[in-house]
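Engineer: Quick one: this structure, given as structure tokens, is what I'll be asking you about.
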Amino acid sequence: MIEKNMSSDKKRVIVALDYPNQKQALEMAAQLDPARCRVKVGKELFTRCGPSIVESLHTSGFDVFLDLKFHDIPNTTAKAVRAAAEMGVWMVNVHASGGRKMMETARNELEQVNGANTLLIGVTVLTSMERSDLADLGLDVDPLEHVKRLALLTEASGLDGIVCSAQEVTPLRQVVGADFKLVTPGIRPADAEVGDQKRIMTPSDAITAGSDYLVIGRPITKADSPVDALAAIDAELAPLL
Ligand SMILES: O=C(O)c1cc(=O)[nH]c(=O)n1[C@@H]1O[C@H](COP(=O)(O)O)[C@@H](O)[C@H]1O
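Numbering-wise (the working numbering), the sequence shown opens with residue 147 and increments by one.
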């Protein structure tokens with residue numbers, strides 16, 4: 147029997163536009179349908195292009211996840227989150243390990259932006275990290291344990307959700323609220339190259355586990371035909387949504 151994911155949002159895929167220039171990013175976006183997916187602007191593209199890339203994507207009708215993973219003192223982080231909200235982005239993120247005061251200050255700042263309905267999300271443990279990477283940081287814990295701790299802190303700080311691995315979604319769903327968004331990168335279709343990701347899952351397994359949004363970059367953008375790669379992912383997800 148096919149298990150249906152609970153979220154009513156049908157646009158679950160966020161395509162990571164990890165490109166070094168506006169031309170390549172917009173060429174990719176032109177092949178995507180804003181009615182069927184969202185896009186992510188990350189550190190490389192934003193550092194090269196600045197807010198104009200976000201404006202262009204908005205003009206083309208896309209919801210934009212601005213993935214700059216802010217991590218700084220509370221005032222600096224909050225002002226950066228405000229700047230993102232004033233750009234009108236759909237989602238923005240901070241590192242949950244910046245702590246409660248940083249996240250609460252960012253949340254409060256966001257509330258003061260007129261008309262903003264930007265989702266504010268906390269990054270827990272990067273999907274490229276495994277237990278040994280946490281040990282290097284002096285954290286002698288399983289990634290799931292640390293993700294759980296940061297998820298609860300993020301929720302208590304008033305944020306809308308977290309970025310985590312899809313591998314953590316099932317146990318997290320038992321401890322966070324049903325509306326708390328679980329955004330999962332590290333998504334790899336069965337035949338895709340893993341690259342630098344460590345805690346991975348297939349698109350259908352991630353949705354079945356309860357992921358709200360799947361962040362997918364290279365399996366689409368580096369495919370011979372990005373359109374075909376996305377269509378295959380959509381076909382894999384369709385029976386589950
Ligand atoms: O916040 C993110 O989006 C993010 C968090 C995380 O833990 N892991 C992670 O891979 N990401 C982003 O998700 C995207 C994944 O890209 P691919 O590995 O190419 O599918 C990249 O743009 C990363 O910056």
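C-beta: ideal position from N, C-alpha, C; glycine also. What you are looking at is a predicted structure, and each value in this text was computed from that prediction instead of being measured.
With a threshold of 16 other CB atoms inside 10 Å of the CB of A252, please say whether the residue is buried or exposed.
Structural biologist: Here residue 252 refers to the residue found at position 106 when the sequence shown is read from its first residue. Classification of A252: buried, given that the 10 Å Cβ count is 16 or more.
Engineer: Can you list, in chain order, the stretches of the alpha helix (DSSP H) that have 4 or more residues and sit fully within the stretch 171 to 213?
Structural biologist: 189 to 195, 197 to 205
Engineer: Cβ of P166 versus every heavy atom of ligand 1: is any distance shorter than 7 Å?
Structural biologist: Mapped onto the sequence shown, residue 166 falls at position 20. Result no, Cβ not under 7 Å from ligand 1.
Engineer: Using the Cβ count rule (16 or more neighbours within 10 Å means buried), how would you classify S154?
Structural biologist: Numbered from 1 along the sequence shown, position 8 holds the residue referred to as residue 154. When all chains shown are included, S154 counts as exposed.
Engineer: G196: which of P166, L298, K344 sits nearest, CA to CA?
Structural biologist: Taking the first residue of the sequence shown as 1, we reach residue 196 at position 50. The shortest C-alpha to C-alpha distance from G196 to any of P166, L298, K344 is the one to P166.
Engineer: I want to check one thing, is the minimum distance from the CB of Q343 to the heavy atoms of ligand 1 below 7 Å?
Structural biologist: Reading the sequence shown from its first residue, position 197 is the one you call residue 343. Yes, the beta carbon of Q343 sits closer than 7 Å to at least one heavy atom of ligand 1.
Engineer: Could you check the C-alpha separation between Q170 and T193 for me, to the nearest Å?
Structural biologist: Within the sequence shown, the letter at position 24 stands for residue 170. Within the sequence shown, the letter at position 47 stands for residue 193. Annotation: Q170 to T193 spans about 15 Å, alpha carbon to alpha carbon.
Engineer: Exposed or buried, which one is T205 when buried takes at least 16 other CB atoms within 10 Å?
Structural biologist: On the sequence shown, position 59 is the one that residue 205 refers to. T205 comes out exposed.
Engineer: Check L266 in the structure and name its three-state DSSP category.
Structural biologist: Indexing the sequence shown from 1 puts residue 266 at position 120. Strand at L266.
Engineer: Starting from T330 and walking both ways along the beta strand (DSSP E), at which residues does that stretch end?
Structural biologist: As a first step, residue 330 is located in the sequence shown; it is residue number 184 there, counting from the start. Here the beta strand (DSSP E) through T330 covers 327 to 330.
Engineer: Whole angstroms is fine: what's the gap from L296's alpha carbon to I366's?
Structural biologist: Here residue 296 is taken as the residue at index 150 of the sequence shown, counted from 1. Here residue 366 is taken as the residue at index 220 of the sequence shown, counted from 1. Straight through space, the alpha carbons of I366 and L296 are spaced by roughly 29 Å.
Engineer: Considering only DSSP beta bridges, list what N239 is partnered with.
Structural biologist: The residue given as residue 239 occupies position 93 in the sequence shown. The partner list for N239 (beta bridge, DSSP) reads I267.
Engineer: Out of E339, P331, Y359, state which residue places its alpha-carbon closest to the alpha-carbon of D325.
Structural biologist: As a first step, residue 325 is located in the sequence shown; it is residue number 179 there, counting from the start. Out of E339, P331, Y359, Y359 has the C-alpha closest to the C-alpha of D325.
Engineer: Find out if the Cβ-Cβ distance for the pair E255, V227 is shorter than 8 Å.
Structural biologist: Your numbering for residue 255 matches position 109 in the sequence shown. Your numbering for residue 227 matches position 81 in the sequence shown. Against a cut-off of 8 Å, the Cβ pair of V227 and E255 comes out as a contact.
Engineer: Quick check: does the Cβ of V322 come within less than 7 Å of any heavy atom belonging to ligand 1?
Structural biologist: Reading the sequence shown from its first residue, position 176 is the one you call residue 322. No, Cβ of V322 sits at least 7 Å from all heavy atoms of ligand 1.
Engineer: Just mark N263 as buried or exposed, buried being the case when its beta carbon has 16 or more other beta carbons within 10 Å.
Structural biologist: Counting from one through the sequence shown, the residue named residue 263 turns up at place 117. Exposed, because fewer than 16 other Cβ atoms sit within 10 Å of the Cβ of N263.
Engineer: Taking 7 Å as the cut-off, is the CB of V210 close to at least one heavy atom of ligand 1?
Structural biologist: Working through the sequence shown from its first residue, we reach residue 210 at position 64. The answer is no for V210.
Engineer: Do the CB positions of P289 and E276 come within less than 8 Å of each other?
Structural biologist: For this step, residue 289 is matched to residue 143 along the sequence shown. For this step, residue 276 is matched to residue 130 along the sequence shown. In contact: P289 and E276 (Cβ atoms closer than 8 Å).
Engineer: How about V361 and I379: are their beta carbons less than 8 Å apart?
Structural biologist: Within the sequence shown, the letter at position 215 stands for residue 361. Within the sequence shown, the letter at position 233 stands for residue 379. It is not a contact, given that the beta carbons lie outside the stated cut-off.
Engineer: Check whether the Cβ atoms of F208 and A175 sit closer than 8 Å, and answer yes or no.
Structural biologist: The count along the sequence shown starts at 1 and reaches residue 208 at position 62. The count along the sequence shown starts at 1 and reaches residue 175 at position 29. Yes; because the gap between Cβ atoms is below 8 Å, this pair is in contact.
Engineer: Have a look at G284, G307, G323, L283 and flag the residue whose alpha-carbon is nearest the alpha-carbon of T330.
Structural biologist: Mapped onto the sequence shown, residue 330 falls at position 184. The shortest C-alpha to C-alpha distance from T330 to any of G284, G307, G323, L283 is the one to G307.
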